[in-house]
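Engineer: Note that UniProt numbering has the sequence shown beginning at 1, numbered continuously upward. We put the CB at the ideal spot given by N, CA and C, even for glycine. Structure incoming, see below.
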Amino acid sequence: MGFAGAILGPLTEMACVEGGVWTYANTGGLPYVPPWNFPAWACFPLAIWLLARALLRANVPTSCSPKNLFLALVGVGVEIAIFVSFSMNPPAALGGGAILAAALILVFRERTTLVMMGAGALLGPLVESLPISAGAWWYAAPAEIFGMPSYMILAYAIFGGLVGHASQAVGALLAGDVNC
């Protein structure tokens with residue numbers, strides 16, 4: 001599960017840095033993102049699933065549909081397009097994000113999706129607020145809450161649902177689930 005986060009998180013961040021959504025103060029010699037970005041994002045899907053498991057009192061599903069990984073990856077691409085395109089227009093970013101969030105809920109139609117989205121909306125801003133206040137990175141758009149534009153809470157909710165489904169599918173594939 002951590003593998004999906006360690007890949008999708010930094011790739012998403014690289015696209016957002018390239019698109020001008022935010023800038024890192026120091027990338028440690030790497031292009032776009034600092035080295036700590038990879039292990040930090042590896043923890044995100046695990047935390048999402050631990051919260052989902054605790055709240056729903058259920059285990060992480062060990063099987064998946066082949067389309068779940070595809071849909072999650074397409075969703076991440078659409079999310080990047082929305083938030084990079086509208087990063088300097090918070091109302092448009094919120095509108096586009098709301099449509100994508102509704103699509104995510106309708107496509108996956110599981111309580112787990114809502115819980116993962118809630119976990120993402122909670123974890124993302126909480127984890128970001130301290131490094132932002134320390135100057136590790138800053139946003140191009142005005143900071144409205146926790147040092148970030150308000151649309152980032154919605155972006156984290158969407159990413160939480162998408163990376164949760166992607167990580168579950170990758171985990172099933174790596175475990176040898178032939179249905180995925």
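(1) Taking the beta strand (DSSP E) that Tyr-139 belongs to, which residues open and close that run?
(2) To the nearest whole angstrom, what separates the beta carbons of Phe-83 and Cys-16, a pair I think is in contact under 8 Å?
(3) Quick check: Ala-42 and Gly-97, are their CB atoms within less than 9 Å of each other?
(4) To which residues of the same chain is Thr-23 closer than 7 Å at the C-beta, ignoring the five residues directly before and after it?
(5) Tyr-156 lies in the beta strand (DSSP E); which residues open and close that run?
(6) At a cut of 8 Å, does the segment 33 to 48 reach the segment 68 to 83 through at least three beta carbon pairs?
(7) Taking C-beta to C-beta, are Glu-79 and Thr-12 nearer than 9 Å?
(8) Tell me, to the nearest whole angstrom, how far the beta carbon of Cys-64 is from that of Ala-172; I am working on the premise that it is less than 8 Å.
(9) Between which two residues does the beta strand (DSSP E) holding Thr-27 run?
(10) Going by DSSP in three states, Met-88 sits in which element: helix, strand or coil?
Structural biologist: Let's see:
(1) The residue you call residue 139 lines up with position 139 of the sequence shown. Note, Tyr-139: beta strand (DSSP E), 137 to 139.
(2) The residue given as residue 83 occupies position 83 in the sequence shown. The residue given as residue 16 occupies position 16 in the sequence shown. So it is a contact: roughly 7 Å between Cβ atoms.
(3) Numbered from 1 along the sequence shown, position 42 holds the residue referred to as residue 42. Numbered from 1 along the sequence shown, position 97 holds the residue referred to as residue 97. Result no, Cβ atoms of Ala-42 and Gly-97 do not sit closer than 9 Å.
(4) Taking the sequence shown and counting its residues from 1, one reaches residue 23 at position 23. Contacts found: Val-17, Trp-137 and Trp-138.
(5) Stepping through the sequence shown from its first residue, residue 156 is reached at position 156. Segment 151 to 174 is the alpha helix (DSSP H) holding Tyr-156; no beta strand (DSSP E) there.
(6) no
(7) Here residue 79 corresponds to residue number 79 of the sequence shown, with the count starting at 1. Here residue 12 corresponds to residue number 12 of the sequence shown, with the count starting at 1. Contact: yes.
(8) Within the sequence shown, residue 64 is the residue found at index 64, counting from 1. Within the sequence shown, residue 172 is the residue found at index 172, counting from 1. Confirmed, Cβ separation roughly 4 Å.
(9) Taking the first residue of the sequence shown as 1, we reach residue 27 at position 27. First-last for Thr-27: undefined, no H or E at that position.
(10) Taking the sequence shown and counting its residues from 1, one reaches residue 88 at position 88. Coil, per DSSP.
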